[in-house]
Each structure stands twice: as C-alpha cells, then as structure tokens.
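Taking this note's numbering, the leading residue of the sequence shown gets 3, the next gets one more, and so forth.
Have a look at the structure below before the remarks.
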Amino acid sequence: MRFLSFLLCVCFVLYKPSFSKSILRYRRDTVRNPSRKWPGGTVPFLYSANTSYQTKMAFEEAVREIQKVSCVRFVPRTHEKDYVRVITGAGCYSMIGKDGGEQELSLGQGCYRKGISLHEIMHLLGFFHEQSRPDRDDHVTIHSSHISEDARTQFRKYRYEDGDTLGEDYDPDSIMHYENNAFSKNGQSTITHKKYPWKSFGQREKLSDIDKIQLNKLYRCKKTNDSNDIDKKINENSKITSNTDKVVCADNQWSSLNGECIIGYFMGRCNSSPVRMSMLCPKTCGFCSPTCKDNSPFCSSLSGFVFCESNYAKNRCKKSCGFC
C-alpha cells in the first residue's frame, strides 16, 4: 500500500532496535495528503557531522538503485526549505513522505544493508508497509494472538480512502512487506500467506518488480532511467552543440562535503579504486587536465552514478563524470 502521510515509521522488521512506546505511538495517526510527495521527484539531503561512514555507504547504495529504476533524484541540499537529514540514529526510521522543513532518516547500527536503506527510502518517498493495504485480508492472515501488545497498531489496516494501491496487485515480495514473524511475542508467525502458508515475507534485498512500477507511477516517471534508455534519449539529440567547456573540473559536491575525497586520497583510494575516485574526486586525486571537457549539453544535468556508467557518458561527458 502506498500512502502519503504525516507519520513517523519505525521499522523493527529484520533489525529490531529498542524504541520507547512514545515513538511507536506515532504510527497510529494517518492523514491522506498528496502534498507529501517530493516535488518533481527531487529529494534534497545532507548528512549530520556524526553520520557514520557505514550509514553513508548504505544510503548511497540504495539511492543509486532508486535513481537507476525511476526518475526520482537525490541532490545535496543547498538552500531548499524541505530536505532530509541522514543520520546514524537509534535504529531505522523515516517519516512517510515529505513532512516539510527538515526531517530525519536514520540508518543506525543494524541498518547498514542496502535493502534496509531501500526500505526506509521508500517510506521517505511516500510508501507504507504492504500489509497495511485494505485488501490484505484477501491475501494474508494476521495472527493477532502472536503479536506483541505494544506493536498491534503496526498491523493496522487502512481504508481505501486513506491510501492508493496505484492499481497494482498485493505484493508479498515487496521490500515494504513485514517478515513472517514481525513483532512476534512468542517466535511464531504473525503473518502467513493464505494460498501458500509456507511463503516467506520480508525480503530486504532489492525492490520488487511491483515496487518499481508503483514508484514510477507515484512520481509519474515516463520511463526508467537505465543506461540504455539514457543512451537512446541523448543520441537522438546528439546534434545539439555543447557550451559546457567553461565548467571547471571539480570533485562531486556530495563526496566533497562528506569527506570521502580527502579521506580517500590519504587512504590511497585514488590508486586502488581509480574508476570510482575519478568519478567522485577527480580534482583531489589529480585526474583533471587542461583539455578536460564535455561534448554534450546533457552532461551536467544527467551526471550521476548510473548515467556515468553508460558508454555515452564515457565518450561524451568526461568532465561531468570525472573521467579526466
């Protein structure tokens, strides 16, 4: 189920940090509000000074997958009023959708996997847990007697007018689905599939196919931005002349702000990981040259991990992608 709401989602599934009951109570209030979508699918973010390296890596790995399969984009925050602060907090949690002003996304100890980060980022983008769908009882059985009393509101089912399935079927393989024994007080299953009782839920490895479809529907993406799509789109406009020669070869702002460039330099990563460092930190690593330039007007707006992996970028966007 996909909802946009003023709500803090505390995720215990697969990673069970300790939270107070006061935090858990946020889960009870739901307000249907389409304005919780991030405008244009763009999410400004920044890190706290004490955000751990593990948190940053998990977040960035998940962001790369989100950007690969959708039009959603994460950009370093400059002056935007609404933005996300990525922190190493007490566990894994995020607001559901855009809250307004600064909001936190936490990936604390036990939350350093890409799949867990994907789960929290999907909350951030406006997605609720799959088993909250109003039609869930047609597909799964909730065993209330096995659920911890403090967590029963986590299994609340929402009305049709509260949320939107975006026309997609119930997805037991969704990265947003609880695991079989989520919040169990006795180790027994709290959720079982009606048709296939032995089926496992709660995978935290990757977005399911339906997750990807719904993400693109929610943000009205015309198509996924994989490398082949981008190559095709840009090649159709390759006759447009470029004016990007004036751009100064510089480190990626994201990597420069979080200290990855200077840390990588002193740890010898410019030599041990030249491809990654040439994309992120060309200036710090000394990969820039006087003739470094782009040969396409699309480079500066499309540069990023996914785009820079395409053959087009390697040939036409050497400056923006840090290949020179």
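Cβ atoms here follow ideal geometry from the backbone N, Cα and C, with glycine treated the same way.
Item                                                                                                                    : Value
Backbone secondary structure at Ser50 - three-state DSSP                                                                : coil
Own chain partners of Ser210 with C-beta closer than 8 Å, once the 5 adjacent residues on each side are dropped         : Asp173, Asp175, Ser176 and Ile177
Glu132 Cβ short of 8 Å to the ligand ATP heavy atom set                                                                 : You won't find the ligand ATP in this model; it holds no ligand whatsoever.
Same chain only: Cβ atoms within 7 Å of Phe279, ignoring 5 sequence neighbours per side                                 : One point to set straight first is that residue 279 is Met, not Phe, in the sequence displayed. Contacts found: Gly266, Arg271, Cys272 and Cys287.
Whole-angstrom C-beta distance between Ile98 and Phe130, which should lie under 8 Å                                     : 6 Å
Glu181 in three-state terms, based on DSSP                                                                              : coil
Range covered by the alpha helix (DSSP H) that runs through Leu220                                                      : Asp211 to Leu220
Classification of Tyr198 by the beta-carbon crowding that lies within 10 angstroms, buried from 16 upward               : exposed
Residues near Tyr85 in its chain [Cβ-Cβ closer than 7 Å; skip 5 each side]                                              : Pro46, Phe47, Leu48, Arg79 and Glu104
Simplified DSSP state of Gln105, which is helix, strand or coil                                                         : strand
Status (buried if at least 16 other CB within 10 Å, exposed otherwise) for Gln190                                       : exposed
Residues of its chain near Ser134, where Cβ-Cβ distance is below 7 Å and the 5 sequence neighbours each way are ignored : Met3, Arg158, Lys159 and Tyr160
Alpha helix (DSSP H) segment containing Tyr267, residue limits                                                          : Glu262 to Phe268
Lys100 beta carbon less than 9 Å from that of Tyr221                                                                    : no
Secondary structure of Thr32, DSSP reduced to three states                                                              : Since pLDDT at Thr32 reaches only 29, below the 50 mark, its modelled position is unreliable, and the value read off the structure follows with that caveat. Coil.
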